[in-house]
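Student: Chains as they are written, first to last, in our numbering: chain A, 1 to 641; chain B, 642 to 892; chain C, 893 to 1107.
The beta carbon of each residue, even a glycine, is placed where N, CA and C say it ideally should be.
Quantities reported herein were computed from a predicted structural model and do not represent experimental measurements.
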Amino acid sequence: MIGTLESRIPSGPLDKKWSSYKDHARLVSPANRRKLDVIVVGSGLAGGSAAATLGEQGYNVKCFCFQDSPRRAHSIAAQGGINAAKNYQNDGDSVFRLFYDTIKGGDFRSREANVYRLAEVSNSIIDQCVEQGVPFAREYGGLLANRSFGGAQVSRTFYARGQTGQQLLLGCYQALCRQIAAGTVKMFPHTEMLDVVLVDGHAKGIITRNLETGDIHAHASDAVVLATGGYGNVFYLSTNARGSNVTATYRAYRKGALFANPCYTQIHPTCIPVSGQHQSKLTLMSESLRNDGRVWVPNKQGDTRSPEQIPEEERDYYLERKYPSFGNLAPRDISSRSAKEACDDGRGVGPGGRGVFLDFADAINRLGETTIRERYGNLFDIYEKITGEDAYNRPMRIYPAVHYTMGGLWVDYNLMSNVPGLHVIGEANFSDHGANRLGASALMQGLADGYFVLPYTLPTYLAGQIGKRPTVDHPEFHKAETGVRERISKMIGVNGTRSVDSFHRELGLLLWDKCGMARNAAGLREALRKIPEIRGRFWREVRVPGSGEEFNQSLERAGRVADYLEFAELMCTDALERDESCGGHFREEHQTPDGEALRDDVNFASAFAWEFQGNGTIAPPKLHREPLEFETLELAQRSYK
Amino acid sequence: MNFKLRVWRQKTGAAKGKLADYPANDVSPDTSFLEMLDLVNDRLIEGGEEPIAFESDCREGICGTCCLTINGEAHGPDHPGAACQLYMRRFKEGETITVEPFRAKPFRFVKDLVVNRSALDRIVQAGGFVSARSGSAPEANSIPVPKQNADRAMEAAACIGCGACAAACPNASAMLFTSAKVSHLALLPQGDPERTNRVLNMVSVMDEEGFGNCTNTYECEAVCPAEISASFIAKLNREYAVATLRKKLGG
Amino acid sequence: MVAVTGLVLLGFVIGHLLGNLQIFLGPDWINSYAEHLRDLGPLLWFVRAFLLVNVVAHIYYTIRLTIDNRRARPNAYAQKDYVKASFASRYMWLSGLVVLAFIIYHLAHFTLVVADPRLATLKLDALQRHDVYSMMVYGFRNVIVSAFYVLAMFLLMLHLTHGASSFFQSLGWNDKTMTPHLARWGRVFAWLIFIGYVSIPLAVLLGLVQPAQPL
């Protein structure tokens, strides 16, 4: 294994770790920063803010994104908001409470020190964004407004209508634009990273493909930062953007970076259900709908009557029945699983029986249609646009969908992976959300990493690297570049009969079934048997038209799906190995008598970091465990009864 | 449902392009327009033909990647909304649907229905930001902003940067795009110090890129998926006039 | 600049209409009005020069604008539909050109009196003033002249439905609440101008206004 599995958490009391780290961390002088090149892959909240900040500090930054503009990164689609411990509402919030809620929400599977640091810098993020001109919602007095969000008893979420992610991303895109104009950041849009290059065990560059021309290029640097998001699209259908992919992190994994907790995926309970084979992505409906909607399915299996014809006594309001005190507001993982159970039982509604009703009839009777329209008007509009149904007159249909992935490349306190020089930030790393992420904390983590953490921790590595940057003539670059070219020719050379998407769809269905909301050993073993089969067929039957020397979307997708076909195996291996239930990872074998996730803290209070094995072929990966030590908090069972 | 597609096919910017006919049969009315194109592409690939190149990403109307002109309208007939939010039930059975890329000189042609819109990025690079160093910001609540200004700034900031305004404009003008960013930042106290140079520089880059001029036809706001109002263009004109005057007076 | 020069010309269109409508007040009114204009002497020439400069500038900037705008889309759409852009707003150059042709003819007709030699034979009126009144009546008795006049006024109206509200936007005197009002009043205004101008030849052709002297 390259490097070590050392978390490098500073000593000292929890609330002093970050400030004492900053006081003693190594620095790079401004004159030397000009001599250092940093590659940032990805331009979302994490990558964009990191590239802008590092450029501003005086490093030479190269930033890459596969989209045609850095402003289109998928962070833009986040709706709800961003958490910060400002306590503007005077409701008793504090850094410690935000830290505690995040650890508890993550079902005690994240590092205390990282999460505390996240909570600590959360306030600076809000200051920074306001200064950039992010138009957060305000009260009539002109001060910032907040709203409450799941998993917390305080109002700490800042928001900009339903477009918080967009506004935060545009803030950091604009900061990035400023640096591009200043010449400190060179932007490479429509450019995809296809491999990371290691020289003497250090990450010193990447190989990219220009998506418009097909040109393969090698870029050398003093450090590489991956900010390439999550892998939710391994399921084919998810709320992620079409282009979101695992390629950058998976290629780094193949080069020796450890992949941690790949089985931790978050399933969001309120999405618009799949309407047919043609569907390419799923759309999230804000969770806030569950404040006024009642979830139900018919009592009878295969009941195809339209909802208004089903009398009250033949309906099963299953969340209210099973969780009398939380009712329709049960947490994300629990409501998702309950919906799956009802549908598995043959009582699902809508096309394919994969959906449950979210009924506003009672709320409309109680509050009037006007109030409901005020609260959720835009969501009802989106719903109507997609389904063609009017949710004021008939219940909505919803179903859970993959939404976020907590797992990612393993990083230490410096956000550096076990591969020296390879830093990983945002959703691409595994660090802060444990086994389940709370609402409104993904935006917080991305910006914390990019604006406030990496710019302080990166010099710890860079200070020792001045003058050590190889050129792209180094044999390792040639080797990596040749590898990339060969893989492209191989994909085009298959010249089979099936489209790339058809394999992706097949893989997604299998994973959703066996490694989705609920998992069990038998199902996971079956998936582990079937994935290599699909992969084998992919390499025999796929058809990638066109050539590598042009704009070729089939080729782009083929590369990504080929990586998913390997990554899926890693994910199932991790899910099988983690023989407990925690957060988003629910193993049917491990549940309390009333169906709650049952953790096993004795054997599994650790992060699983997987090392790629095999040379050219794919061998079972090697497991490394990083024990999670809870010095401040006590491990407790979550209960929502 | 069944449709007849007429799709713009062109290999590169230098090549000659033409409309080609494709059938789109057995399409469910619940299919989105882009999913219908996916379907056509899958069939093309399996039949040994090159698929139609078109870009999309979030497919929920926020990223601004999709850039199709459908039946002569930017993003198609269902306004406000991006092409990815358009569903086939909006069309008539058997209808002929023409699909072209966004056309404007600054949108460099790439392939089929794909264009490069980095000209819009360069307009923002010319000044569409607040120079705020990371970590140097004052406490967020230290400058109150009247709610109506914050709300109005949000209306302008909602722009998704798709370029439909320029694609639909008879003059291929990017005034709506530019005015949205200028207005967003001019409405907030944080944007005030750089206000004069921002508008002058952004407008000058907009012209250099080769976008046309605004003749107030308001076609832009009619097709804008983010419902950006053309009254921001009036604000841009005002900002520009004031800034020019201030520069002339040595301010 | 198009907006600024357009605004000046718009001012002229209003003033000229008010002047012409005096025909309904009888020969004495309008002839004395014309005489007053002539009495302005050098000032009249200054105003004429100013208007001419404005016309030239309006056209010059429009041509530049249109060239720029054409260049901005070298490859036309195979199919193009407009959702909101009105016919008037898209064909300002066309309505403008016809109106220009009309202005040239109009000047030749009444100011230089070259288009219709008969008008030059008109005698001065009792107070030794040019009989503008009779000139207008005889001018408009020609159906073709009147028809061209009405057509030109119609295009001027189209030009103004867009132009009369558009300059508010171009000069930045617009905001969200004003936009719909401006558009409506712009149209109302343009129609009023049209009705005003067209009323004169109609009145002449219907015989409601008779010449003050025989030819």
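Considering only the beta carbon of each residue, do residue 463 (chain A) and residue 773 (chain B) sit closer than 9 angstroms?
Tutor: no
Student: Residues in its own chain within less than 6 angstroms of residue 519 (chain A) by CB, not counting five upstream and five downstream?
Tutor: 575 and 587
Student: Would you kindly work out how many angstroms separate the C-alpha atoms of residue 915 (chain C) and residue 904 (chain C), rounded to a whole number?
Tutor: 18 angstroms
Student: Can you name the residues of chain C whose CB is closer than 7 angstroms to the CB of residue 864 (chain B)?
Tutor: Correct list: 975.
Student: Would you check if the distance between the CB atom of residue 154 (chain A) and the CB atom of residue 72 (chain A) is smaller than 9 angstroms?
Tutor: No; because the gap between Cβ atoms is not below 9 angstroms, this pair is not in contact.
Student: In the DSSP assignment, the beta strand (DSSP E) including residue 741 (chain B) goes from what residue to what residue?
Tutor: It spans 737-742 - the beta strand (DSSP E) in which residue 741 (chain B) sits, taken as one unbroken run.
Student: Check the Cβ of residue 831 (chain B) against every Cβ in chain A and list those closer than 8 angstroms, keeping chain order.
Tutor: 130, 131, 132 and 133
Student: In terms of alpha-carbon separation, which member of C:1062, C:1106 and C:1019 lies closest to residue 921 (chain C)?
Tutor: C:1019
Student: Whole angstroms is fine: what's the gap from residue 532 (chain A)'s alpha carbon to residue 590 (chain A)'s?
Tutor: 28 angstroms
Student: Report the residue from A:243, A:143, A:238 and A:254 whose alpha carbon sits nearest the alpha carbon of residue 197 (chain A).
Tutor: A:254
Student: Please report the distance separating the alpha-carbon of residue 379 (chain A) from that of residue 270 (chain A).
Tutor: 11 angstroms
Student: Should residue 503 (chain A) and residue 542 (chain A) be called a contact, given that it needs their Cβ atoms to be closer than 9 angstroms?
Tutor: yes
Student: Closer than 8 angstroms to a non-hydrogen atom of the ligand NAD - does that hold for the CB of residue 311 (chain A)?
Tutor: Ligands in the displayed structure: none, and consequently the ligand NAD is not present.
Student: In the DSSP assignment, what are the bridge partners of residue 38 (chain A)?
Tutor: A:61 and A:223
Student: For residue 141 (chain A) and chain B, any beta-carbon pair shorter than 9 angstroms?
Tutor: Yes, because at least one Cβ of chain B sits closer than 9 angstroms to the Cβ of residue 141 (chain A).
Student: Taking DSSP's pairing of strands, which residues face residue 624 (chain A) in a bridge?
Tutor: A:609
Student: Hey, out of A:394, A:433 and A:92, whose CA is closest to residue 349 (chain A)'s CA?
Tutor: Nearest C-alpha to residue 349 (chain A): A:394.
Student: Determine the direct distance from the alpha carbon of residue 573 (chain A) to that of residue 527 (chain A), and round the result to whole angstroms.
Tutor: 9 angstroms
Student: Do you know offhand how far residue 414 (chain A)'s Cα is from residue 186 (chain A)'s?
Tutor: Looking at the two C-alpha atoms, the distance is approximately 25 angstroms.
Student: Report the option in B:782, B:690, B:808 and B:818 whose CA atom is closest to the CA atom of residue 798 (chain B).
Tutor: B:818
Student: For residue 33 (chain A) versus residue 58 (chain A), is the C-beta spacing smaller than 9 angstroms?
Tutor: yes
Student: Using a C-beta to C-beta distance shorter than 9 angstroms, which residues of chain B count as neighbours of residue 445 (chain A)?
Tutor: The contacting residues do not exist; residue 445 (chain A) stays about 16 angstroms from chain B at best.
Student: Write down every uninterrupted run of the alpha helix (DSSP H) in the region 759-815 of chain B whose length is 4 residues or greater and which is fully enclosed by it, in chain order.
Tutor: 759-766, 788-798 and 805-809
Student: Confirm, please, whether the CB-CB distance from residue 877 (chain B) to residue 820 (chain B) is below 9 angstroms.
Tutor: yes
Student: For chain A, is any of its Cβ atoms less than 9 angstroms away from the one on residue 728 (chain B)?
Tutor: Residue 728 (chain B) belongs to the set of residues whose beta carbon lies under 9 angstroms from a beta carbon in chain A.
Student: Going along the chain, which unbroken runs of the beta strand (DSSP E) with 3 or more residues stay wholly within the region 384-451 of chain A?
Tutor: 396-405 and 422-424
Student: I'd like the list of long-range same chain contacts for residue 214 (chain A), defined as Cβ closer than 6 angstroms, with 5 residues on each side in sequence excluded.
Tutor: 548, 549 and 550
Student: Excluding five sequence neighbours on each side, which residues of the same chain lie with their C-beta closer than 6 angstroms to the C-beta of residue 1041 (chain C)?
Tutor: Only 1093 meet the Cβ criterion.
Student: Along chain A, in chain order, which residues have C-beta atoms closer than 8 angstroms to that of residue 802 (chain B)?
Tutor: Within chain A, the residues near residue 802 (chain B) are 69, 71 and 72.
Student: Quick one: does residue 992 (chain C) have its CB under 9 angstroms from some CB of chain B?
Tutor: no
Student: Give every residue of the same chain whose Cβ lies closer than 7 angstroms to the Cβ of residue 440 (chain A), excluding the five residues on either side of it in the sequence, and list them in chain order.
Tutor: 80, 81, 82, 83, 149 and 157
Student: According to DSSP, residue 357 (chain A) sits in a beta bridge with which residue or residues?
Tutor: A:296 and A:397
Student: What separation, rounded to the nearest whole angstrom, lies between the Cα atoms of residue 401 (chain A) and residue 951 (chain C)?
Tutor: 60 angstroms
Student: Measuring only between beta-carbons, confirm whether residue 672 (chain B) sits less than 9 angstroms from chain A.
Tutor: yes
Student: Give me the chain C residues within the contact set of residue 890 (chain B), using Cβ-Cβ distance strictly less than 8 angstroms, ordered along the chain.
Tutor: None at all; the shortest Cβ gap to chain C is about 18 angstroms.
Student: Mind reading off the beta-carbon distance from residue 681 (chain B) to residue 133 (chain A)? Whole number of angstroms is fine, and I expect it under 8 angstroms.
Tutor: In fact, because the Cβ distance is near 42 angstroms, the residues do not count as touching under 8 angstroms.
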